[in-house]
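Here the structure comes first, spelled out in structure tokens, and everything after it is commentary.
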């Protein structure tokens, strides 16, 4: 594995320009002061109740995501490139979805194999021919990017279903500004606080035609036991919209209403944080208690907009991922600004043979997995684990893809033994409305707190950092 | 607002109020039982505490007899008693989490901080009297902070009014319950044969509804049972009296009615109860029987809860 790109230090001893002020500040600040602020930050998170639940963990149902007080900094120039690349990527995702559920030009052009779509459980035949307002499918995208060198951003994953984490982007900034006002005074950090306004504007802009002039938006949550519940309530609050559960909604004459103390009130746009499978027990899983019976027929009648649209999973599926550069070229006629990670599709015999030969070097992921579960990190795995995985892979090769073990860039991080480099990624949030696509400058930086670890997922010991884009 | 949100706010306020009332009841009982036996007579005060908390029946399903140790534990820390202080705080926190968007940050902070703090108490319990006293005080302070935050920070809209409905309905129920258990010491003037025994019962009653000092201000008299009853039932200036609770219930229901442009059975039922309280005097109540009067009130009050639920919360 190559030596990781360090966000702060240039090999040879110099600092990257964006980090110079931070480095000076760190030199002036005694380590105890840093530790004290770190504890203060933790206390704030707990008091505000910024917690998440880890499934299958009976010990503590509410946990904090560790927060690292050292910010991750990018220059305005770097951000401009990234922003352009993200917009390009999300545009392609939306065009791909529109095509898959309508004309399917891309399948006829044989860019993507048919069976990857039609045999994919996240493909939703219910969406065939369904019109969605302004052809926007992915209103909110969380694109996971990593850096491996000074020039390139690489997309690790497109999250086009119900990406989470944006509350951390906003709260991390709030807490940093509270704890380190002096550090902020020494930088020009682009603000992120307009995210809720932009989100609400984007959601309103895609209201169905039958909506009134002032469309009613609601956020649909699976409820208080969901791992991202804090984020749902946080966003509803910031957007000034109702936080609804399935049982608060009813469908009458193909219109959606919420039960209020003054009778029922029509809802026009649902920012849903409930997965497709649980949205409507009449269409999808009949055992779902989280959903709204009849929601899909109101959707088909064009009386409600769901954000994101149903069936977007087909665009961020790990099996589709490897085709993204070709998908982008097909719809936009441009070269992708953001690269893909080289990916071996285990469904293809040639690739499978290579993967089986190189298991010790590769990262193998389940096509339908998420959250860092069910993956093999070759270089960190024991022989026995690798052998067990080999059998799984041979049994069901189409369920896996493999990628090289990437040297995620590192960023200075507080550890038990002082500041040390730890691997990070970045999830910026891309909003698409009827007229424009916007990205607030920043995103969620996730950091693998264990030395050498490359797994940044919060469910597996990852933490977060505030992400600063310098306004130059 | 969402019916579910209104329901959560209403119950949140009830749980917090109930937790405070339980803490006061335990506190008052500890004081009375600390007196030499000659002063309090043969009644088992811990049994009365269970009755005023409305959990005697469930308690005796798993306990032989009531004593300080097991009643304090049952009312404070028991996970099996659905209305223990612990379960009230847990339920309040859960309700707060589901209606965070309707709470001000001060209200959330009060509940969440108390909940965090009390986790340690749940796991360890309180080993000394001093610990217990500290715990009971903390619960009462939490309720005061919560109530104060609501009063000082909430918008005066339906969210506020529904939370006040919960508070006053619960409060009326609590005051009525203590009267219901202690009615036998609240005798009318002519029947009263004073003794030191009853004196401590009366002060204990007042203490559990934080009205001991208020009594002296209102009547400027030594404790007399019919005045204690008058204060708790009819005196509109005492915030925990039945009359005051119903003033507030009627006002908050009216505000909701006006805001929604619609009156309903809840408004009418509450006004009916208030009018009956307004036109009562203690002589009539004693004639009719304090016990009967209170029982009727408790039933009426809980009926109002059902009507509110039906009209607004589901």
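Protein chains in written order, with my numbering: chain Z, 331 to 802; chain H, 167 to 480. Using N, Cα and C, we set each Cβ at its ideal position, and we do this for glycine too.
Taking a beta-carbon distance threshold of 8 angstroms, residue 507/Z does not count as an interface residue toward chain H. One alpha carbon belongs to residue 188/H, the other to residue 430/H, and they sit about 33 angstroms apart.
For the 8 angstroms CB-CB criterion, residue 169/H and residue 479/H form a contact. Residues of the stretch 275-308 of chain H with a Cβ closer than 8 angstroms to any Cβ of chain Z, in chain order: 275, 278, 279 and 282.
Secondary structure of residue 595/Z (DSSP, three-state): strand. Within the stretch 172-189 of chain H, 172 place their CB atoms closer than 8 angstroms to a CB of chain Z, listed in sequence order.
Residue-level contact by beta carbon fails for residue 330/H and chain Z, as no gap is shorter than 8 angstroms. Put simply, the backbone Cα of residue 400/Z is about 26 angstroms away from that of residue 562/Z.
Looking at the DSSP output, residue 761/Z bridges to 470/Z and 768/Z. For residue 167/H, the chain Z residues whose Cβ falls inside 7 angstroms of its Cβ are 590 and 591, in order along the chain. Taking 8 angstroms as the cut-off, the Cβ atoms of residue 576/Z and residue 522/Z do not count as close.
For the pair of segments examined, the stretch 765-778 of chain Z was found not to touch the stretch 217-235 of chain H: the number of CB pairs separated by less than 8 angstroms stays below three. Against residue 324/H, the close residues of chain Z are 591, in the order they occur along the chain (beta-carbon pairs closer than 7 angstroms).
Under DSSP, residue 398/Z shares a beta bridge with 795/Z. Among the residues of the stretch 569-585 of chain Z, those with a Cβ less than 8 angstroms away from any Cβ of chain H are 572, 573, 574, 575, 577 and 578, in the order of the chain.
Taking the beta carbon of residue 267/H as reference, the chain Z residues within 7 angstroms of it are 563, 566, 567 and 573, listed in sequence order.
Close partners of residue 260/H in chain Z (Cβ separation under 8 angstroms): 554.
At a cut-off of 8 angstroms between beta carbons, residue 376/Z contacts chain H. Between the beta-carbon of residue 519/Z and that of residue 534/Z there is about 28 angstroms, and that puts the pair past the 8 angstroms contact cut. Looking at the DSSP output, residue 587/Z shares a beta bridge with 580/Z and 596/Z. What residue 264/H touches in chain Z, judged by beta-carbon distance under 7 angstroms, is 554, going in chain order.
Contacts between residue 379/Z and chain H, judged by CB atoms closer than 8 angstroms, involve 263, 266, 274 and 278 in chain order. Here the stretch 686-701 of chain Z makes no contact with the stretch 744-759 of chain Z; the two share fewer than three CB pairs at distances below 8 angstroms. A distance below 8 angstroms separates the beta carbons of residue 675/Z and residue 731/Z.
Under a 10 Å Cβ-count criterion, residue 467/H is classified as buried, with 16 or more other Cβ atoms of the shown protein chains found around its own Cβ. For the stretch 464-478 of chain H, residues whose beta-carbon sits nearer than 9 angstroms to a beta-carbon of chain Z comprise 477 and 478.
Residue environment for residue 510/Z: buried (at least 16 other C-beta atoms within 10 angstroms of its C-beta).
Annotation for residue 627/Z: 584 place their beta carbon closer than 6 angstroms to its own, counting only its chain and skipping 5 residues before and after. Here DSSP, grouped into helix, strand and coil, assigns residue 492/Z to coil.
In the DSSP secondary-structure assignment, residue 413/H is not bridged to any residue.
The beta carbon of residue 424/Z lies closer than 7 angstroms to those of 465, 466, 467, 468 and 762 in the same chain, with the five residues before and after it left out. Residues are counted here when their Cβ sits less than 7 angstroms from a Cβ of chain Z; for the stretch 414-447 of chain H these are 426, given in chain order. For residue 469/H, no beta strand (DSSP E) encloses it; the enclosing alpha helix (DSSP H) starts and ends at 456-474. At a beta-carbon threshold of 9 angstroms, none of the residues of chain Z lie near residue 311/H; the nearest stands roughly 14 angstroms away.
Under the three-pair Cβ rule at 8 angstroms, the stretch 188-202 of chain H counts as touching the stretch 232-243 of chain H.
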